[in-house]
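Numbered by the working numbering, the letters in the sequence shown go through residues 40 to 300 in order.
Inspection log for the structure reproduced underneath, given as structure tokens.
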Amino acid sequence: MKLVNNAIDTGQFDIIVVPFNAQAQPVGEVAGLLSGFLGLVVTYVATFPISYHSWDKVPNSYKESCFNSIKAMSEKNRENRSKLKMPHTCGSKSMARKKQEMELASGKPVSRGALFVATHKRKDGSYVNDNAKIVSVSRIPLNGEMDSLGQVLGKESLGRVRGLGFGPSPTQVFGHATTRLGRIPLNGSSDHAGDVALQEIARLKLQLEANKSQTKSFMTFVLRNLVLESVPPEFADLINPQVSDAKSAEPSSMGYQSSQA
């Protein structure tokens, strides 16, 4: 903030280049300087003058209207903040800047799961709330859309990626778009697409086997309790030999087995 005030007070500006990351987000201290500068510019009357030279000459109706508008906006913002399930601890610093700082310090890429943990802990090491703690302790070492954060929070909303701040889209971050009905990538690297496709095929096979087992159990119940009660034993095996054998082993109401002549 001191740099921002100095820049405005002196009126001396150099050409400052704002760096951007791979997701087209402004990063570094320069990004913070630009954000702070733009925030202060709009509060300076000299930059955005009103038509009155003295605040005392502003009509009371105008003052009340401005006050009510600002008050309503403040109350709305407070209400929205209270609805946040997992508030972060970055303050005015963007997620993109925090992620870059972590990467510069560690010398390696930072996953959004690691970024989430770092931005949802207080200085004393405690989590901002129980929801953030659940997500953090449930971290799973995977990459892509179903990484640690995706496994806990579920599928991303259309056009945005949670945990990375404003700007990045699923296509930018994960390199592919996904189908609405499955997890198979529509594009991206062939190796990644092949791995995901194999996982999806295996999942569908398991689901198919489970459905077959449920259907078989249901049909066995129907045949045993409804159909075979009215079907002569000599014809039961034509319908379902397995059920017929099980039926023939049960004592009949006459005290002998139905398989006896």
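Note that the Cβ used here is the ideal one computed from N, Cα and C, for glycine as well.
Lys162 to Cys129 span [Cα, whole Å] = Approximately 11 Å, taken between the alpha carbons.
Is Leu225 helix, strand or coil when you go by DSSP?
-> Confidence at Leu225 is low in this model, with a pLDDT of 46, below 50, so its placement is unreliable and the value that follows should be read with caution. Coil, per DSSP.
Cβ-Cβ separation, Val57 to Leu79 (assumed contact under 8 Å), whole Å = Between Val57 and Leu79 the Cβ distance is about 17 Å, and since that is not below 8 Å, they are no contact.
Mind checking who Pro58 pairs with in its DSSP beta bridge?
-> Paired residues: none, contrary to the question.
Inter-stretch contact (C-beta, 8 Å, three-pair minimum) for the stretch 109-128 and the stretch 59-66 = no
With DSSP as the reference, label Tyr91 as helix, strand or coil.
-> Tyr91: coil per DSSP, three-state reduction.
For Cys105, the first and last residue of its enclosing alpha helix (DSSP H) = In the DSSP assignment, Cys105 falls within the alpha helix (DSSP H) that extends over 99-121.
Taking the alpha-carbon positions, what's the Phe59 to Gln139 distance?
-> 10 Å
Sorted by chain position, which residues of the same chain lie with C-beta nearer than 7 Å to Tyr91's C-beta, five sequence neighbours on each side aside?
-> Contacts found: Val97.
Going straight from the alpha carbon of Lys244 to that of Gln253, what length do you get?
-> If I take the Cα positions, the gap works out to 14 Å.
If Arg136 and Ala70 are in contact, beta carbons under 8 Å, what's the gap, nearest whole angstrom?
-> With a beta-carbon spacing of about 6 Å, Arg136 and Ala70 fall inside the 8 Å limit used to define contacts.
Is Lys162 helix, strand or coil by DSSP?
-> coil
By how many angstroms is the C-alpha of Leu247 removed from the C-alpha of Arg222?
-> Since pLDDT at Arg222 reaches only 46, below the 50 mark, its modelled position is unreliable, and the value read off the structure follows with that caveat. If you take the alpha carbons of Arg222 and Leu247, they lie about 17 Å apart.
Paired residues, beta bridge with Pro65 - DSSP = Phe59
Grouping DSSP H, G and I as helix and E and B as strand, with all else coil, what is Leu181?
-> Low confidence applies here, because Leu181 scores a pLDDT of 46, under 50, leaving its location unreliable; read the following figure in that light. Of the three classes helix, strand and coil, the one that applies to Leu181 here is coil, per DSSP.
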